[in-house]
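Student: Residue numbers (this note's numbering): 1 to 344.
Backbone N, C-alpha and C define an ideal beta-carbon position, used for all residues, glycine too.
If you're wondering where the values come from, they're calculated on a predicted model, not measured in any experiment.
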Ligand SMILES: [Zn+2]
Ligand SMILES: [Zn+2]
């Protein structure tokens with residue numbers, strides 16, 4: 001029997017067992033899932049703000065072991081440990097040829113049915129693939145963060161920092177925090193994280209990863225000036241999902257600085273004042289992950305970064321056994337867990 005966390009309708013999450021997993025199809029690899037993280041988009045499917053009939057998968061942040069491969073397995077063999085990210089794109093379309101592999105095509109049919117079940121198929125062909133091998137030095141639970149780490153790494157790449165640059169990250173969700181961890185690895189100077197909820201601030205502070213964790217208030221802004229200097233931060237990252245906070249990211253960045261938007265916004269900004277973009281000669285950059293980042297040997301550049309950052313990454317993971325999966329979703333929703341990962 002295979003364990004499954006089934007989303008039957010918005011709000012209706014159930015633990016089920018199924019006789020057998022999906023039968024192997026051409027162009028896919030079968031993965032026995034060991035750990036699957038909960039993403040904000042999974043919560044949106046659960047609460048109904050995202051439409052389940054349009055999304056073919058539930059759970060896209062997982063790791064496991066390859067059990068079966070179709071005709072062209074792209075080098076994957078049974079027994080290999082793998083995790084999901086956008087690993088390969090076609091290389092032929094306009095987007096791929098113009099440095100935008102993250103726009104190659106929709107990920108919607110990549111995972112059948114996704115990682116909240118013990119067995120899933122993953123699309124894996126020479127022109128589109130979603131699996132990267134996990135190195136021996138990284139455990140399955142940490143490796144399940146590969147997909148969000150890939151998106152966070154894209155934010156860090158769009159930040160285009162120089163060594164020693166001071167960075168302010170708005171948003172203490174997994175995306176903001178992993179982006180901050182990646183920027184630290186890339187040689188950022190001071191990193192100040194800004195959050196709204198005191199409990200979450202305390203959680204982020206306790207990890208000891210960042211130079212400061214502050215509230216988005218007068219006191220917090222004073223601390224930012226103290227750490228980054230009166231000119232402001234070299235780079236600000238907006239990863240709260242709240243459009244209004246973009247105005248804070250624009251206010252806190254120095255003249256000639258860079259603002260990276262790594263948020264999925266639902267809504268608009270009231271009374272938005274665009275003048276600082278001109279006055280401070282700002283660069284605004286979007287960061288829509290996941291994006292393909294490979295080393296010259298073909299392995300995942302993001303996995304490489306995760307190996308180096310694993311001590312920090314482990315501090316933000318809350319692990320739940322399958323039988324406690326509903327609690328994991330609750331804690332992900334309430335913010336009790338920065339990144340909730342369910343093990344099978
Ligand atoms: Zn995700
Ligand atoms: Zn393409």
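Just the Cα atoms here: how many angstroms apart are residue 28 and residue 67?
Tutor: Here residue 28 corresponds to residue number 28 of the chain shown, with the count starting at 1. Here residue 67 corresponds to residue number 67 of the chain shown, with the count starting at 1. Approximately 11 Å between the Cα atoms of the pair.
Student: In the DSSP assignment, find the unbroken alpha helix (DSSP H) run with residue 176 in it and report its ends.
Tutor: Against the chain shown, residue 176 aligns to sequence position 176. Its alpha helix (DSSP H) spans residues 174-185.
Student: Could you check whether residue 135 and residue 174 sit closer than 7 Å to each other, using their CB atoms as the reference points?
Tutor: Taking the chain shown and counting its residues from 1, one reaches residue 174 at position 174. Taking the chain shown and counting its residues from 1, one reaches residue 135 at position 135. Not a contact, by the Cβ cut-off of 7 Å.
Student: Could you please go through the chain and list the residues whose beta-carbon is closer than 5 Å to any non-hydrogen atom of ligand 2?
Tutor: Residues with a Cβ closer than 5 Å to any heavy atom of ligand 2, in chain order: 89, 90, 93, 96, 104.
Student: Let me check you understand the geometry: is the CB of residue 36 closer than 6 Å to at least one non-hydrogen atom of ligand 4?
Tutor: With respect to ligand 4, the structure shown offers nothing to examine, as its ligands consist of ligand 1 and ligand 2.
Student: Using the Cα positions of residue 7 and residue 115, report the straight-line distance between them to the nearest angstrom.
Tutor: Taking the first residue of the chain shown as 1, we reach residue 7 at position 7. Taking the first residue of the chain shown as 1, we reach residue 115 at position 115. Approximately 12 Å, taken between the alpha carbons.
Student: Measure the alpha-carbon distance for residue 201 versus residue 26 and round it to whole angstroms.
Tutor: Position 201 of the chain shown, counted from the first residue, corresponds to residue 201. Position 26 of the chain shown, counted from the first residue, corresponds to residue 26. Roughly 47 Å separates the two Cα atoms.
Student: Touch check for the stretch 244-253 and the stretch 263-272: three-plus C-beta pairs under 8 Å?
Tutor: With the cut-off at 8 Å, the stretch 244-253 and the stretch 263-272 touch.
Student: Is it buried or exposed, residue 23, if we count other Cβ atoms within 10 angstroms and call 16 or more buried?
Tutor: By one-based count along the chain shown, residue 23 stands at place 23. Residue 23 should be labelled exposed.
Student: Is the beta carbon of residue 39 within less than 6 Å of some heavy atom of ligand 1?
Tutor: For the purposes of this step, residue 39 is taken as the residue at position 39 of the chain shown. At least one heavy atom of ligand 1 is nearer than 6 Å to the Cβ of residue 39, so yes.
Student: Compare the C-beta of residue 286 with all C-beta atoms of chain C and state if any pair is closer than 7 Å.
Tutor: Chain labels in this structure do not include chain C; a single protein chain is all it has.
Student: Express the C-alpha separation of residue 2 and residue 209 in angstroms, rounding to a whole number.
Tutor: If you number the chain shown from 1, residue 209 lands on position 209. If you number the chain shown from 1, residue 2 lands on position 2. Distance between the alpha carbons of residue 209 and residue 2: 38 Å.
Student: Bridge partners for residue 84 per DSSP, in chain order?
Tutor: Numbered from 1 along the chain shown, position 84 holds the residue referred to as residue 84. 131, per the DSSP bridge assignment.
Student: Let me check understanding here. Comparing Cα to Cα, which of 223, 74, 267 lies closest to residue 240?
Tutor: What you label residue 240 is simply residue 240 of the chain shown in a count that begins at 1. Ranking the options by Cα distance to residue 240, first place goes to 267.
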